[in-house]
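Enquirer: These protein sequence lines map, in sequence, to chains A and B.
Here the first sequence is numbered in my numbering, starting from 3 and rising by one per residue.
Here the second sequence is numbered in my numbering, starting from 3 and rising by one per residue.
Quick reminder that beta carbons are idealized off the backbone N, C-alpha and C, glycines included.
Have a look at this one.
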Amino acid sequence: MTVTESAPAREVGSARKRKEDQRLITGRTRWTDNIVLPGMLHIVMVRSPFAHATLTRVDTAAAKASSGVMAVLTGEDVKDIQGSLPNAWPITPDQKAPAHPAIAVDHVAFAGEIVAAVIARSAAEARDAAELVDVDYDELPPVLDLKEAVKDATLAHPSLGTNKSAFWQFDSAAAGTGGAVDEAIEAARADGIVLEREYRQQRLIPAFMEPRSVAVDPTGEQLTIWSATQVPHFVRIFTAAVLGIPESKVRVIAPDVGGGFGGKLQFTPEEVITVLAARHTGKPCKWTETRSESLVSAHHGRDQWQRLTLAATKEGRVTALKVDLLADMGAYLGLVTSGVPILGAFMYNAIYKFPAYQFNCTNLFTNKTWTDAYRGAGRPEATFAIERLMDELAAEVGVDPLAIRELNWIRHEEFPFTSVCGLEYDSGNYEAATSRAKELFGYDALRAEQAQRRASGDRVQLGIGVSTFTEMCGLAPSRVLGSLSYAAGGWEHASVRMLPTGKVEVVTGTSPHGQGHETAWSQIVADRLGVPFEDVEVLHGDTQVAVKGLDTYGSRSLVVGAEAVIKAADKVIEKAKPVAAHLLEASVDDIEFADGQFTVKGTDKGKAMAEVVWEAFTAHNLPDGMEPSLDADATYDPVNFSFPHGTHLCAMEVDTETGATRMRSYVSVDDVGTVVNPLIVEGQMHGGIVQGVAQALWEEAVYDDAGTLVSGSFVDYTLPTAADTINLVTDRTVSPSTTNTLGTKGVGEAGAIASTPAVVNAIVDALRPMGIDDIQMPCTPERVWKAIRSAGGTQGAATAGSSAPHFDAGESEKGEVL
Amino acid sequence: MTRITVTVDGVSYSDDVEPRTLLVHYLRETLGKTGTVVGCDTSNCGACTVHLDGRSVKSCNVLAVQADGREVRTVEGLATNGELHPMQQAFHDNHALQCGYCTPGMIMQSLDILRDNPDPSEAEIRQGLEGNLCRCTGYHNIVKAVQQAAKAGAGS
Numbered sequence: 003m004t005v006t007e008s009a010p011a012r013e014v015g016s017a018r019k020r021k022e023d024q025r026l027i028t029g030r031t032r033w034t035d036n037i038v039l040p041g042m043l044h045i046v047m048v049r050s051p052f053a054h055a056t057l058t059r060v061d062t063a064a065a066k067a068s069s070g071v072m073a074v075l076t077g078e079d080v081k082d083i084q085g086s087l088p089n090a091w092p093i094t095p096d097q098k099a100p101a102h103p104a105i106a107v108d109h110v111a112f113a114g115e116i117v118a119a120v121i122a123r124s125a126a127e128a129r130d131a132a133e134l135v136d137v138d139y140d141e142l143p144p145v146l147d148l149k150e151a152v153k154d155a156t157l158a159h160p161s162l163g164t165n166k167s168a169f170w171q172f173d174s175a176a177a178g179t180g181g182a183v184d185e186a187i188e189a190a191r192a193d194g195i196v197l198e199r200e201y202r203q204q205r206l207i208p209a210f211m212e213p214r215s216v217a218v219d220p221t222g223e224q225l226t227i228w229s230a231t232q233v234p235h236f237v238r239i240f241t242a243a244v245l246g247i248p249e250s251k252v253r254v255i256a257p258d259v260g261g262g263f264g265g266k267l268q269f270t271p272e273e274v275i276t277v278l279a280a281r282h283t284g285k286p287c288k289w290t291e292t293r294s295e296s297l298v299s300a301h302h303g304r305d306q307w308q309r310l311t312l313a314a315t316k317e318g319r320v321t322a323l324k325v326d327l328l329a330d331m332g333a334y335l336g337l338v339t340s341g342v343p344i345l346g347a348f349m350y351n352a353i354y355k356f357p358a359y360q361f362n363c364t365n366l367f368t369n370k371t372w373t374d375a376y377r378g379a380g381r382p383e384a385t386f387a388i389e390r391l392m393d394e395l396a397a398e399v400g401v402d403p404l405a406i407r408e409l410n411w412i413r414h415e416e417f418p419f420t421s422v423c424g425l426e427y428d429s430g431n432y433e434a435a436t437s438r439a440k441e442l443f444g445y446d447a448l449r450a451e452q453a454q455r456r457a458s459g460d461r462v463q464l465g466i467g468v469s470t471f472t473e474m475c476g477l478a479p480s481r482v483l484g485s486l487s488y489a490a491g492g493w494e495h496a497s498v499r500m501l502p503t504g505k506v507e508v509v510t511g512t513s514p515h516g517q518g519h520e521t522a523w524s525q526i527v528a529d530r531l532g533v534p535f536e537d538v539e540v541l542h543g544d545t546q547v548a549v550k551g552l553d554t555y556g557s558r559s560l561v562v563g564a565e566a567v568i569k570a571a572d573k574v575i576e577k578a579k580p581v582a583a584h585l586l587e588a589s590v591d592d593i594e595f596a597d598g599q600f601t602v603k604g605t606d607k608g609k610a611m612a613e614v615v616w617e618a619f620t621a622h623n624l625p626d627g628m629e630p631s632l633d634a635d636a637t638y639d640p641v642n643f644s645f646p647h648g649t650h651l652c653a654m655e656v657d658t659e660t661g662a663t664r665m666r667s668y669v670s671v672d673d674v675g676t677v678v679n680p681l682i683v684e685g686q687m688h689g690g691i692v693q694g695v696a697q698a699l700w701e702e703a704v705y706d707d708a709g710t711l712v713s714g715s716f717v718d719y720t721l722p723t724a725a726d727t728i729n730l731v732t733d734r735t736v737s738p739s740t741t742n743t744l745g746t747k748g749v750g751e752a753g754a755i756a757s758t759p760a761v762v763n764a765i766v767d768a769l770r771p772m773g774i775d776d777i778q779m780p781c782t783p784e785r786v787w788k789a790i791r792s793a794g795g796t797q798g799a800a801t802a803g804s805s806a807p808h809f810d811a812g813e814s815e816k817g818e819v820l
Numbered sequence: 003m004t005r006i007t008v009t010v011d012g013v014s015y016s017d018d019v020e021p022r023t024l025l026v027h028y029l030r031e032t033l034g035k036t037g038t039v040v041g042c043d044t045s046n047c048g049a050c051t052v053h054l055d056g057r058s059v060k061s062c063n064v065l066a067v068q069a070d071g072r073e074v075r076t077v078e079g080l081a082t083n084g085e086l087h088p089m090q091q092a093f094h095d096n097h098a099l100q101c102g103y104c105t106p107g108m109i110m111q112s113l114d115i116l117r118d119n120p121d122p123s124e125a126e127i128r129q130g131l132e133g134n135l136c137r138c139t140g141y142h143n144i145v146k147a148v149q150q151a152a153k154a155g156a157g158s
């Protein structure tokens with residue numbers, strides 16, 4: 003649109019308060035568990051307490067005789083109709099995966115796997131009866147640890163014959179995008195710096211606040227499924243594909259959905275079972291999980307060992323990076339389980355100009371809950387590894403961590419830049435973001451205080467952590483997904499419907515669950531069509547309304563989904579122009595559109611959008627042959643990924659006597675391109691940063707030796723509280739994306755990707771004079787204290803063995819993947 | 003079954019309940035007060051927080067029979083004549099919610115904080131909200147909202 007001096011204030015860029023809030027703050031909500039239908043039955047799952055066992059008998063007689071019980075389904079009952087849950091990302095042609103039944107038939111591979119489903123009049127009766135299901139298990143030895151799993155001595159699925167699901171490699175020399183890593187590493191061994199480190203990405207649990215719930219109504223001609231899901235369109239497709247129900251007979255609704263963070267990017271056993279139960283009983287059925295059930299059975303995230311070899315010149319210019327991953331799939335491959343590490347494969351080189359790069363990943367099965375997408379999915383792991391390594395390199399060279407980054411990063415004038423992975427970063431300004439972050443943080447003053455505390459031997463040491471991240475999001479160009487063997491595309495769909503009364507309906511294929519699409523899409527369309535913000539209604543999350551879509555994950559909704567909205571809105575304008583021209587008795591070529599007005603070039607004649615819409619509705623006076631509708635659809639396939647970036651700085655105080663840590667300050671300056679709504683963007687950053695901080699400090703899914711999840715409730719899985727966290731300083735620089743109309747970049751995952759290494763770098767920075775160069779996450783007071791103790795607890799002590807590089811000399815030269 | 007009489011958001015109800023019924027299930031399933039939600043099973047998350055005789059309780063941690071003869075207020079009973087309560091307004095103004103699942107509990111607990119202390123410090127607000135979990139906001143804007151509500155006199 004042409005911007006003139008008299009133009010009204012733009013919606014894009016304004017801190018609109020959210021449309022979504024009114025219902026949510028008054029309790030007028032429609033969570034899946036709120037849905038009650040006449041005759042509705044309730045489902046409670048019976049789950050295996052054993053991590054690995056053969057099922058020898060499932061006796062349901064007593065449960066079936068219990069009050070109010072309609073049916074009890076076992077694996078034996080449904081084995082011929084339940085199909086196998088899908089994996090949409092076979093990363094290699096020879097990827098191995100076990101069949102994935104919704105209800106186990108004869109083998110359970112993790113504690114929490116469903117062995118029976120009780121269907122009763124009330125949830126309480128179903129729960130009572132579930133206690134009466136008598137299951138006999140023959141326990142098998144579980145494999146739980148990745149480094150054990152890779153040996154194949156104990157198998158998670160004996161029928162597979164191995165724990166290895168797939169091996170995947172990217173090599174810059176083979177791809178023609180860079181040099182050979184091994185040559186560069188050898189050169190650095192001879193005359194330069196080689197850093198070898200091993201980092202642990204602990205297992206996390208997405209822990210969305212709304213427990214998952216599924217309700218299925220089989221009484222209509224179409225089966226209607228309500229699900230607390232991020233991906234209603236996926237659920238529809240897979241219900242059809244897995245259960246053999248015609249897709250046209252399935253309607254999926256994601257009503258109000260209480261958070262996801264990737265944890266609701268799944269097609270679940272419970273969705274399959276609720277459909278089967280509804281069809282079996284002919285009644286509406288609902289399943290809602292307890293929190294303990296959620297923690298043990300909803301997919302987990304992360305869980306990798308990362309072996310890293312970084313080569314650099316003596317001055318600290320990186321010459322090569324080699325990554326060897328062991329990635330824990332858990333017991334099964336979920337929707338994108340196998341692809342999560344691959345989403346990180348192209349991000350270890352981050353914002354830097356590395357001439358040679360190699361990524362090797364071995365995906366392994368264990369007898370634990372399966373892993374899958376969790377906020378960032380692969381990219382937090384990559385960012386952690388490289389940002390930790392850059393701090394190590396700075397320490398090795400003896401310069402400030404920001405200086406080593408600046409030496410290696412892509413300079414502003416070098417954009418667009420093609421990375422060593424062959425990705426084209428469209429825009430960015432690492433200098434500007436870093437400069438602003440330093441200013442807000444008071445970097446130099448904090449460094450001075452750190453020096454003073456070190457000099458005085460203060461019991462409380464201060465550490466400063468840096469994370470200069472980028473990430474690839476906005477999933478995703480369909481052709482790239484195809485080249486990576488992902489089963490679907492990455493486009494998004496939208497419709498814009500011009501109602502005769504002047505209101506506008508925007509239908510989006512994205513499926514928000516807290517992100518504020520209703521508000522942001524309204525702002526965009528208000529500007530585009532020149533209509534009031536309040537007159538735009540955004541519809542989503544029901545496959546009968548939003549008939550096409552690929553849903554919400556991977557920071558894709560704005561950069562892909564809203565771009566489809568823009569293209570649909572632009573089509574409306576183009577469809578309206580001939581009508582306006584006809585009404586104005588002008589040539590279409592002379593019609594201009596701005597701020598909701600169609601005008602004839604060089605005249606003061608014009609028609610408002612609402613008038614043109616009304617004419618199209620009555621169709622009394624349209625140009626000959628014109629369809630009486632201005633409504634338009636658009637399907638948009640992105641041309642590139644989105645590359646937000648930012649500089650995050652964290653100050654941590656570490657009590658060297660107790661190991662307690664305290665976050666002193668946290669500053670982030672993010673560049674997410676053009677901002678549609680700063681309120682929403684800041685909210686995304688706050689939440690993302692705290693999730694990343696929680697990985698650094700508090701959260702871990704812990705299993706005992708038998709494969710029982712011991713952090714299986716909110717007592718033990720320690721989400722951060724208001725009392726654990728601090729106010730964050732968030733600011734932005736703006737380098738508009740050059741690959742979409744508004745110049746936006748993804749923001750949903752950025753905070754979680756950036757913050758984890760900033761926190762751990764700060765703790766390590768505080769303790770580095772003691773010879774400590776790593777503390778495994780989560781950096782609990784106990785782990786910090788033990789690191790200090792093993793390092794001697796005093797400044798200048800020799801580096802403890804446990805803190806030294808975890809490699810035998812020359813081991814990595816063998817070029818083997820473990 | 004046990005007969006209870008409870009006033010919820012200004013309406014008196016008499017019902018027969020199983021003695022084991024939790025207050026939150028009575029509110030949601032018997033009364034249809036689905037604005038109050040369940041987020042955990044260990045009384046950690048606070049999503050189900052309501053007021054019982056004016057004080058915040060986690061309604062998953064109270065039996066329905068314990069509410070007999072008492073008054074319950076939920077998030078659904080805060081707005082009057084279509085006007086948002088200042089605490090609700092503050093949550094909206096400060097973008098203190100994203101998915102909104104923790105919000106009913108957060109709002110009810112925030113009111114309880116201001117009842118005890120109409121002018122709390124940031125640290126006192128954070129301490130007062132420790133029993134309510136939010137996964138979306140990082141708490142930053144929730145704290146700001148409570149500060150705004152305190153300034154607006156929501157606690158007086």
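1) State the start and end residues of the unbroken alpha helix (DSSP H) segment that holds Asn-143/B.
2) Identify the contact partners of Glu-825/A in chain B, using a Cβ-Cβ distance below 8 Å as the criterion.
3) Any beta carbon of chain A sitting closer than 9 Å to that of Asp-95/B?
4) So, are the CB atoms of Asp-330/A and Thr-385/A less than 9 Å apart?
5) Looking at Lys-324/A: is its Cβ nearer than 9 Å to the Cβ of Asn-410/A?
6) State buried or exposed for Val-671/A, treating a residue as buried only when at least 16 other CB atoms are found within 10 Å of its CB.
7) Would Gln-697/A pass as a contact of Met-779/A if the rule is Cβ separation under 9 Å?
8) Can you find a C-beta in chain B that's less than 9 Å from the C-beta of Lys-19/A?
9) Going by C-alpha to C-alpha distance, which of Thr-601/A, Thr-241/A, Asp-635/A and Pro-234/A sits closest to Val-581/A?
10) Just to confirm before moving on: does the CB-CB distance between Leu-43/A and Thr-339/A stay below 9 Å?
11) Determine, using beta carbons only, whether Leu-366/A and Asn-642/A come nearer to each other than 9 Å.
12) Would you say Ile-6/B lies against chain A (beta-carbon separation less than 9 Å)?
13) Mind listing, in chain order, the continuous beta strand (DSSP E) runs of no fewer than 3 residues lying wholly within the region 485 to 514 of chain A?
14) Just list the alpha helix (DSSP H) runs in the region 531 to 607 of chain A, keeping only unbroken ones of 4 residues or longer that don't cross its boundaries, in chain order.
15) Taking only runs that begin and end inside the region 257 to 307 of chain A, name each unbroken alpha helix (DSSP H) of 4 or more residues, in chain order.
16) At 3 residues or longer, and completely inside the region 648 to 691 of chain A: list those beta strand (DSSP E) runs for me, N to C.
17) Assuming Tyr-139/A and Thr-58/A are in contact, meaning their beta carbons sit under 8 Å apart, how far apart are those beta carbons, in whole angstroms?
18) If you follow the alpha helix (DSSP H) that Gly-130/B is part of, which residue opens it and which one closes it?
19) Which residue's Cα is closest to the Cα of Arg-1/A: Thr-56/A, Gly-556/A, Leu-651/A and Val-674/A?
20) Is the region 73 to 92 of chain B close to the region 121 to 133 of chain B, with three or more CB pairs under 8 Å?
21) What does Cys-475/A pair with, by DSSP beta-bridge criteria?
22) So which residues on chain B does Asp-672/A lean against when the C-beta distance must stay under 7 Å?
23) What residues in its chain sit with their C-beta under 7 Å from that of Ala-799/A, if we drop five residues either side in the sequence?
24) Are the C-beta atoms of Gly-685/A and some chain B residue less than 9 Å apart?
25) Are Glu-684/A and Asn-63/B touching if we call contact CB-CB under 9 Å?
26) Give the interface partners of Phe-716/A over in chain B, defined as CB-CB distance under 8 Å, in chain order.
27) Compare the Cα-Cα distances from Lys-21/A to each of Met-110/B, Gly-84/B, His-97/B and Pro-122/B and report the closest residue.
28) Report, in whole angstroms, the separation of the C-beta atoms of Ala-564/A and Trp-523/A, which I expect to be a contact under 8 Å.
29) Nearest to Val-152/A by CA position, among Gln-306/A, Val-669/A and Thr-56/A, is which residue?
30) Taking Asp-136/A as part of the beta strand (DSSP E), name the residues at either end of that continuous run.
31) So which residues of chain B does Trp-33/A contact, with C-beta pairs closer than 8 Å?
Expert: If we stick to the structure as given:
1) As a first step, residue 143/B must be located in the second sequence, where it is residue number 141. Going by DSSP, Asn-143/B is part of the alpha helix (DSSP H) stretching over 142 to 153.
2) Any answer about residue 825/A is impossible in this case: the structure gives chain A only from 3 up to 820.
3) The residue you call residue 95/B lines up with position 93 of the second sequence. Answer yes: the Cβ-Cβ gap between Asp-95/B and chain A drops below 9 Å somewhere.
4) Looking up residue 330/A in the first sequence gives position 328. Looking up residue 385/A in the first sequence gives position 383. Against a cut-off of 9 Å, the Cβ pair of Thr-385/A and Asp-330/A comes out as no contact.
5) Counting from one through the first sequence, the residue named residue 324/A turns up at place 322. Counting from one through the first sequence, the residue named residue 410/A turns up at place 408. Not closer than 9 Å, so no.
6) To locate residue 671/A, count along the first sequence from 1; it is residue 669. The residue in question, Val-671/A, is buried, as its Cβ has 16 or more Cβ neighbours within 10 Å.
7) Working through the first sequence from its first residue, we reach residue 697/A at position 695. Working through the first sequence from its first residue, we reach residue 779/A at position 777. Yes, these two residues count as a Cβ contact at 9 Å.
8) On the first sequence, position 17 is the one that residue 19/A refers to. So, interface residue.
9) In the first sequence, the residue the question calls residue 581/A occupies position 579. Among Thr-601/A, Thr-241/A, Asp-635/A and Pro-234/A, the Cα nearest to that of Val-581/A is on Thr-601/A.
10) For the purposes of this step, residue 43/A is taken as the residue at position 41 of the first sequence. For the purposes of this step, residue 339/A is taken as the residue at position 337 of the first sequence. No, these two residues do not count as a Cβ contact at 9 Å.
11) Here residue 366/A corresponds to residue number 364 of the first sequence, with the count starting at 1. Here residue 642/A corresponds to residue number 640 of the first sequence, with the count starting at 1. No; because the gap between Cβ atoms is not below 9 Å, this pair is not in contact.
12) As a working mapping, residue 6/B is identified with position 4 in the second sequence. Not one chain A Cβ lies under 9 Å of Ile-6/B.
13) For the region 485 to 514 of chain A, whole beta strand (DSSP E) runs of length 3 or above, ordered along the chain, are 494 to 500 and 506 to 510.
14) 565 to 586
15) Runs found: 271 to 283 and 293 to 299.
16) DSSP runs (the beta strand (DSSP E)) wholly in the region 648 to 691 of chain A: 663 to 673.
17) Start at 1 with the first residue of the first sequence, and residue 139/A comes out as number 137. Start at 1 with the first residue of the first sequence, and residue 58/A comes out as number 56. For Tyr-139/A against Thr-58/A, the beta-carbon gap comes to about 7 Å, under 8 Å, which counts as contact.
18) In the second sequence, the residue the question calls residue 130/B occupies position 128. According to the DSSP assignment, Gly-130/B belongs to the alpha helix (DSSP H) that extends over 124 to 130.
19) Nothing can be reported for residue 1/A: it is not among the residues displayed for chain A, which extend from 3 to 820.
20) Because the criterion of three Cβ pairs below 8 Å is not met, the region 73 to 92 of chain B and the region 121 to 133 of chain B do not touch.
21) By one-based count along the first sequence, residue 475/A stands at place 473. BP columns for Cys-475/A point to Ser-644/A.
22) As a position in the first sequence, residue 672/A is number 670, starting the count at 1. Going along chain B, no residue has its Cβ under 7 Å from Asp-672/A, so there is no contact; the nearest lies around 14 Å.
23) What you label residue 799/A is simply residue 797 of the first sequence in a count that begins at 1. Note on Ala-799/A: pLDDT 40, under 50, position unreliable in the model; the coordinate value appears next. Result list for Ala-799/A: Met-772, Gly-773 and Ala-793, in chain order.
24) Along the first sequence, read from residue 1 onward, the residue named residue 685/A stands at position 683. Yes - at least one Cβ of chain B is within 9 Å of the one on Gly-685/A.
25) Here residue 684/A corresponds to residue number 682 of the first sequence, with the count starting at 1. Here residue 63/B corresponds to residue number 61 of the second sequence, with the count starting at 1. Not closer than 9 Å, so no.
26) Taking the first residue of the first sequence as position 1, residue 716/A is located at position 714. Chain B residues near Phe-716/A: Cys-42, Thr-44, Asn-46, Cys-47 and Leu-135.
27) Here residue 21/A refers to the residue found at position 19 when the first sequence is read from its first residue. It is His-97/B.
28) In the first sequence, residue 564/A corresponds to position 562, counting from 1. In the first sequence, residue 523/A corresponds to position 521, counting from 1. Right, the Cβ-Cβ distance comes to about 6 Å (below 8 Å), so this counts as a contact.
29) Locating residue 152/A in the first sequence gives position 150, counting from the first residue. The option with the nearest alpha carbon to Val-152/A is Gln-306/A.
30) Here residue 136/A is taken as the residue at index 134 of the first sequence, counted from 1. Segment 136 to 141, the beta strand (DSSP E) holding Asp-136/A.
31) By one-based count along the first sequence, residue 33/A stands at place 31. Those within 8 Å of Trp-33/A in chain B are Thr-36, Val-39 and Tyr-103.
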